[in-house]
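Protein chains in written order, with our numbering: chain X, 1201 to 1394; chain Y, 1201 to 1394.
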DNA sequence: CGCTCAATTGAGCAATCGCTCAACAAAGTC
DNA sequence: GACTTTGTTGAGCGATTGCTCAATTGAGCG
């Protein structure tokens, strides 16, 4: 309701959109969810964003923040610590919403060009940061990873795959089992570690 | 338009639903897509199915047929042949629609109980058939797979993960690269093979 | 033929969606 | 204070969805 400069309003809307997609998912979230989160009229959103563009931007922001929090922002710490935390927290309840966003971005990307681009870019960023971590651990002697670039693709794939399996309600694969499988896969890629 | 016994009509509708979800995906498919595929009035579908139930049944049927075609139905062949074909065809263009169904079933399962149940059951069937194949190759001496049950979970996970990465339009991971990564992951699980 | 009842029709209901637009309100400018 | 610009409102449009239901058709049967 307060009157804001355009840039500030854009920021507020983007943040509200991030909260909304984390709560309801990319597919179920609506423009009205975002505007009612802000306590603002429905028409205001279209003045600043296309829904497709806002949704893609919110996705990019949320994923980027998570990569930063879990990998990129921990350059100073020991690679083995960062990787171990990554494995331990991968399938926690709090991570569910993020995995859901990945799945939905992949699917919606098939009919939404902006989301496809965002998903592609986010995948690149993820691969880059993870392979950077693996390379760092390799040169630090924390583990043996002959090809960080390739290994990170496989680790990302098994992360996504296990996450999808865990997300299914009444899943035959428990969170603990998924973490176990991830740990073994990481061991396959990084020799003895994690 | 022809008048049919209830059971036959149910079968025709189910088959049309399978064609429809393969063509448009689980989320984009509508009841009208199915009835117009059959050249039948829109109201007829609701006389035999709930959309949620029909969609879940069509998903189960499609996935079941694929598992049968690629694994269960090839019990007579050498396990290494079956596994090699599995790897080679995993990320072919024709497989895209099936992987899309998996992704969508996971996501829609979060708000559709019938689809969640179908996805959970399909996952079980898949895990069971793949771990059976791995065990068969193990006892035949085709490879060394100490725990087929666990290995099949990891292989399923990396299959799903790589498939999702390939599905993204403009994906940073090509089909060939995905096949390569899958081959290496399978090698990790089954010793020297595939 | 006449009757019954299941199969089938298709207009349309109620809800939901992103987005439009005329109207209004508050700065900013001179 | 007059005027322009920009932020904001909210009713509502047009399209889409699964599903309803009164009406119609036609096969089976005595």
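Note that the Cβ used here is the ideal one computed from N, Cα and C, for glycine as well.
If you follow the alpha helix (DSSP H) that residue i is in, where does it begin and where does it stop?
i: residue 1299 of chain Y; result: 1296 to 1308
i: residue 1146 of chain X; result: A question about residue 1146 of chain X goes unanswered here, because the residues of chain X that appear run from 1201 up to 1394.
i: residue 1220 of chain Y; result: 1206 to 1228
i: residue 1361 of chain Y; result: 1348 to 1367
i: residue 1246 of chain Y; result: 1243 to 1248
i: residue 1288 of chain X; result: 1279 to 1289
Against chain Y, with Cβ distances strictly below 8 Å, would residue i count as a contact?
i: residue 1360 of chain X; result: yes
i: residue 1354 of chain X; result: yes
i: residue 1329 of chain X; result: no
i: residue 1335 of chain X; result: no
i: residue 1384 of chain X; result: yes
i: residue 1300 of chain X; result: yes
i: residue 1388 of chain X; result: yes
i: residue 1261 of chain X; result: no
i: residue 1370 of chain X; result: yes
i: residue 1320 of chain X; result: yes
i: residue 1310 of chain X; result: yes
i: residue 1266 of chain X; result: no
i: residue 1228 of chain X; result: yes
i: residue 1256 of chain X; result: no
i: residue 1365 of chain X; result: yes
Taking 8 Å as the CB-CB cut-off, is residue i touching chain X?
i: residue 1270 of chain Y; result: no
i: residue 1222 of chain Y; result: no
i: residue 1213 of chain Y; result: no
i: residue 1373 of chain Y; result: yes
i: residue 1294 of chain Y; result: no
i: residue 1286 of chain Y; result: no
i: residue 1289 of chain Y; result: no
i: residue 1323 of chain Y; result: yes
i: residue 1379 of chain Y; result: no
i: residue 1344 of chain Y; result: no
i: residue 1314 of chain Y; result: no
Give the secondary structure of residue i by DSSP, where H, G and I count as helix, E and B as strand, and everything else as coil.
i: residue 1375 of chain Y; result: helix
i: residue 1168 of chain X; result: Residue 1168 of chain X lies beyond the residue range present for chain X, which begins at 1201 and ends at 1394; the question has no answer from this structure.
i: residue 1344 of chain Y; result: coil
i: residue 1240 of chain Y; result: coil
i: residue 1370 of chain Y; result: coil
i: residue 1233 of chain X; result: helix
i: residue 1292 of chain Y; result: coil
i: residue 1331 of chain X; result: helix
i: residue 1339 of chain Y; result: helix
i: residue 1387 of chain X; result: helix
i: residue 1273 of chain X; result: helix
I believe residue i touches residue j by the beta-carbon criterion, under 8 Å. Please report the beta-carbon distance rounded to the nearest angstrom.
i: residue 1301 of chain Y; j: residue 1259 of chain Y; result: 6 Å
i: residue 1388 of chain Y; j: residue 1388 of chain X; result: 4 Å
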